[in-house]
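> Dropping a structure here in structure tokens format, bear with me for questions.
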Amino acid sequence: MTQAHPDIDVRPITEAEFPDWIRAVKAGFLQMPTPPEAEVEARRTQFETGRYLGAFDGARCVATFRSFAQEVTAVGGTLVPADAVSGVTVTATHRRRGLLTRMMSRDLAAAKERGDVVATLIAAEYPIYGRYGFGPATSAAEWTVDVPRTGLDPRWSGPQDGARIDLVDAEEVRKLGPDLHDRVRRATPGAVSRDDRWWQLNTGALRFDPKWTEPFFAVYRAADGEVEGLVAYEVDDKWGDAKQPQDTATVRGLDAATPAAERALWSYLCSIDWVTQVKSGQRAPDDLLPLLLPDPRAARITSQSDWLWVRILDVVRALESRTYEGSGSLVLEVADRAGLAGGRYRLEASAQGASCTPTTESTELALDISELGQLWLGDESVVRLAALGRVQEERAGAARVADALLRTSRRPWCPDMF
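Right, dumping it as structure tokens:
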């Protein structure tokens, strides 16, 4: 049973305490408990006063928590202000003392006060965050492509429509990448913002991990010269017994603003000499990749899991920020044990827009705030949650009405880890 330990001080850390905080993070994630000084100093560049919390038993930091400003793309393309949660650990010697609850409660209350619409995180373990009102809103899949089986032309030498693919260096990626990603994320529900520091980390200008290696970068330019695609990938060095190359290309990230760019970049990866296998990295669960291949069975799913978790902090703004493919109305009773966003609301939605207002009308659908977070981006089925007893129909047929309003034609996804 979890017990409160008021003698343990939970508070924002000072910059001077940052090295101790990092050591606690590393211990919590079962990594090197005493990181190199160079890593500590590189990570210090992300420090933001008030957004880093620590739990201190005496002078020792025994639990960690950080958050940072983020934008999440809602269905329809609106960029919604979010409280992104990361670096959450509790040292093994101090578990079951309510430390995460104290840190989470403090951070979510501050996010609500700032006016953030949602909070987000990538969960290392599934059971932890539902009790704080988070729900798994997107999932991700990884494919492994058996290149010889794809049916693609092994003599493919590039797009035939005047477009081209070029290898570029990291400096060029830092120039071209942000604008491309901004276009891609606005069309991708569940995608999140990337700041300049993200681009430095992912191109090697700023390094945390001493094992980091520079990937290859390739850009797709349309016939008019516009950059519409970018892929970062690495290739191993493997040879068969008969001195036959058996390399694997592993994608670290692929952004494509158009289907043509996406098709060309996957074709390029599958045409690289010596590469007999391509690992896609984390992609949307309904990614185009398998169906771009003449033989889709050449791509097999090798991992699939929940990805971005969402916690609604403002029901009205969250439901009004997104678009709806159908028309209808629904009275929702939203339970929130933390008292941040619960209440009864009438949602009126159509292709022209939506309004969400508090109401005293009879409830038609009752659910917890965590289920609302799971449904917000349109990936989960209300009917399915009702069958599981996690959503209650107070009016017959309300779950189907909700599905018609909330579900999306393409599944949302978040390309990033944070």
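Just so you know, we're using numbering that gives the first Met the number 0 here: the sequence shown kicks off at 0 and counts up by one. Glycine included, every Cβ here is placed at the ideal spot set by N, Cα and C. Note that the structure is predicted; figures quoted are calculated from it, not measured.
#1: Three or more beta-carbon pairs under 8 Å between the stretch 288–303 and the stretch 148–167, yes or no?
#2: Express the C-alpha separation of R105 and L99 in angstroms, rounding to a whole number.
#3: Whose C-alpha, out of T44, L287, A231, R59, is nearest the C-alpha of L175?
#4: Pull up the CB-CB distance for V400 and E360, whole angstroms please, since I reckon it's below 8 Å.
#5: Report yes if the C-beta distance between V234 and V274 is below 8 Å; otherwise report no.
#6: By the 10 Å Cβ neighbour count, where 16 or more other Cβ atoms means buried, how is L404 classified, buried or exposed?
#7: Specify whether the stretch 175–185 and the stretch 316–325 touch according to this definition: at least 3 beta carbon pairs, one from each stretch, less than 8 Å apart.
#8: Between which two residues does the alpha helix (DSSP H) carrying E40 extend?
#9: Tell me where the alpha helix (DSSP H) around G176 begins and ends.
#10: Let me know the secondary structure DSSP gives M0 once reduced to three states.
#11: Please determine, among V226, M31, F55, F207, the residue with the shortest C-alpha to C-alpha distance to E38.
#12: In terms of residue numbering, what span does the alpha helix (DSSP H) encompassing P158 cover?
#13: May I have the straight-line CA-CA distance separating K111 from T143, to the nearest angstrom?
#14: Does DSSP put R336 in a helix, a strand or coil?
#15: Exposed or buried, what is R65 when buried is set at 16 or more other beta-carbons lying within 10 Å of its beta-carbon?
#16: Is the number of C-beta pairs between the stretch 181–201 and the stretch 66–84 that are closer than 8 Å three or more?
#17: When the Cα atoms are used, what is the spatial distance from D223 to D165?
#18: Ignoring anything shorter than 3 residues or poking outside the stretch 20–84, list the beta strand (DSSP E) runs there in chain order.
#19: Work out the CA separation of E40 and L200 for me, nearest whole Å.
#20: Assuming contact is defined by CB atoms lying nearer than 8 Å, are I12 and R96 in contact in what I supplied?
#21: Could you give the uninterrupted runs of the beta strand (DSSP E) lying entirely in the stretch 196–231, keeping only those of 3 residues or more?
#22: Relative to the C-alpha of S304, which residue among T137, D236, S328 is closest?
#23: Taking the alpha carbon of E332 as the point to measure from, which residue in T358, V309, D236, R220 has its own alpha carbon closest?
#24: Quick check on I300: does DSSP put it in helix, strand or coil?
#25: At 3 residues or longer, what runs of the beta strand (DSSP E) sit wholly inside the stretch 344–388?
#26: In this structure, does DSSP put K278 in helix, strand or coil?
#27: Measuring alpha carbon to alpha carbon, tell me which of L229, C269, L264 ends up nearest D168.
#28: Here's the rule: buried if 16 or more other CB atoms are within 10 angstroms of the residue's CB, otherwise exposed. What is L387?
#29: Just verifying my parser: in three-state terms, what is the DSSP assignment at G91?
#30: With C-beta atoms as the reference, is M102 less than 8 Å away from A54?
#31: Given this structure, state the Cα-to-Cα distance separating I300 from T247, to the nearest angstrom.
Put simply:
#1: yes
#2: Counting from 1 along the sequence shown, the entry for residue 99 is found at position 100. Counting from 1 along the sequence shown, the entry for residue 105 is found at position 106. Computed Cα separation, rounded: 10 Å.
#3: Taking the sequence shown and counting its residues from 1, one reaches residue 175 at position 176. Ranking the options by Cα distance to L175, first place goes to A231.
#4: As a first step, residue 400 must be located in the sequence shown, where it is residue number 401. As a first step, residue 360 must be located in the sequence shown, where it is residue number 361. With 8 Å as the limit, V400 and E360 do not qualify as a contact, their Cβ atoms being about 15 Å apart.
#5: Numbered from its first residue, the sequence shown carries residue 234 at position 235. Numbered from its first residue, the sequence shown carries residue 274 at position 275. Yes. Within cutoff.
#6: In the sequence shown, residue 404 corresponds to position 405, counting from 1. Under the 10 Å beta carbon count, L404 is surrounded by 16 or more other beta carbons and is classified as buried.
#7: No: the two stretches stay apart, fewer than three of their Cβ pairs being nearer than 8 Å.
#8: In the sequence shown, the residue the question calls residue 40 occupies position 41. Start and end: 36–43.
#9: Stepping through the sequence shown from its first residue, residue 176 is reached at position 177. Note, G176: alpha helix (DSSP H), 169–185.
#10: If you number the sequence shown from 1, residue 0 lands on position 1. Interpretation of M0 is limited by its pLDDT of 48, a score under 50 that renders its predicted location unreliable; the figure taken from the coordinates is listed afterwards. Coil.
#11: The count along the sequence shown starts at 1 and reaches residue 38 at position 39. Among V226, M31, F55, F207, the Cα nearest to that of E38 is on F207.
#12: Here the question's residue 158 lines up with position 159 in the sequence shown. Counting along the chain, P158 falls outside any alpha helix (DSSP H), and DSSP gives it neither H nor E.
#13: In the sequence shown, counting from the first residue as 1, residue 111 sits at position 112. In the sequence shown, counting from the first residue as 1, residue 143 sits at position 144. In a straight line, the C-alpha of K111 is about 41 Å away from that of T143.
#14: For this step, residue 336 is matched to residue 337 along the sequence shown. Looking at R336 - three-state DSSP - the assignment turns out to be coil, as it is neither helix nor strand.
#15: Counting from one through the sequence shown, the residue named residue 65 turns up at place 66. Answer is buried; the Cβ neighbour count reaches 16.
#16: yes
#17: The count along the sequence shown starts at 1 and reaches residue 223 at position 224. The count along the sequence shown starts at 1 and reaches residue 165 at position 166. If I take the Cα positions, the gap works out to 14 Å.
#18: List check, beta strand (DSSP E) in window: 51–56, 59–72.
#19: Residue mapping note: residue 200 aligns to position 201 of the sequence shown, counting from 1. Residue mapping note: residue 40 aligns to position 41 of the sequence shown, counting from 1. Cα-Cα distance, rounded: 14 Å.
#20: As a working mapping, residue 12 is identified with position 13 in the sequence shown. As a working mapping, residue 96 is identified with position 97 in the sequence shown. It is not a contact, given that the beta carbons lie outside the stated cut-off.
#21: 215–220
#22: The count along the sequence shown starts at 1 and reaches residue 304 at position 305. Looking only at T137, D236, S328, the smallest Cα-Cα distance to S304 is reached by T137.
#23: Against the sequence shown, residue 332 aligns to sequence position 333. Among T358, V309, D236, R220, the Cα nearest to that of E332 belongs to T358.
#24: Against the sequence shown, residue 300 aligns to sequence position 301. Reduced to three states, the DSSP call for I300 is strand.
#25: Within the stretch 344–388, the complete beta strand (DSSP E) segments of 3 residues or longer fall at 352–357, 364–367, listed in chain order.
#26: By one-based count along the sequence shown, residue 278 stands at place 279. In this structure, K278 counts as strand in the three-state DSSP scheme.
#27: Counting from 1 along the sequence shown, the entry for residue 168 is found at position 169. Measuring from the Cα of D168, the nearest candidate turns out to be L229.
#28: If you number the sequence shown from 1, residue 387 lands on position 388. Exposed.
#29: Working through the sequence shown from its first residue, we reach residue 91 at position 92. Before going on, a small fix: residue 91 reads as Ala here, not Gly. Three-state DSSP puts A91 in a helix.
#30: Residue numbering aside, residue 102 sits at position 103 when the sequence shown is read from its first letter. Residue numbering aside, residue 54 sits at position 55 when the sequence shown is read from its first letter. Result yes, Cβ atoms of M102 and A54 sit closer than 8 Å.
#31: Locating residue 300 in the sequence shown gives position 301, where the first residue counts as 1. Locating residue 247 in the sequence shown gives position 248, where the first residue counts as 1. About 16 Å.
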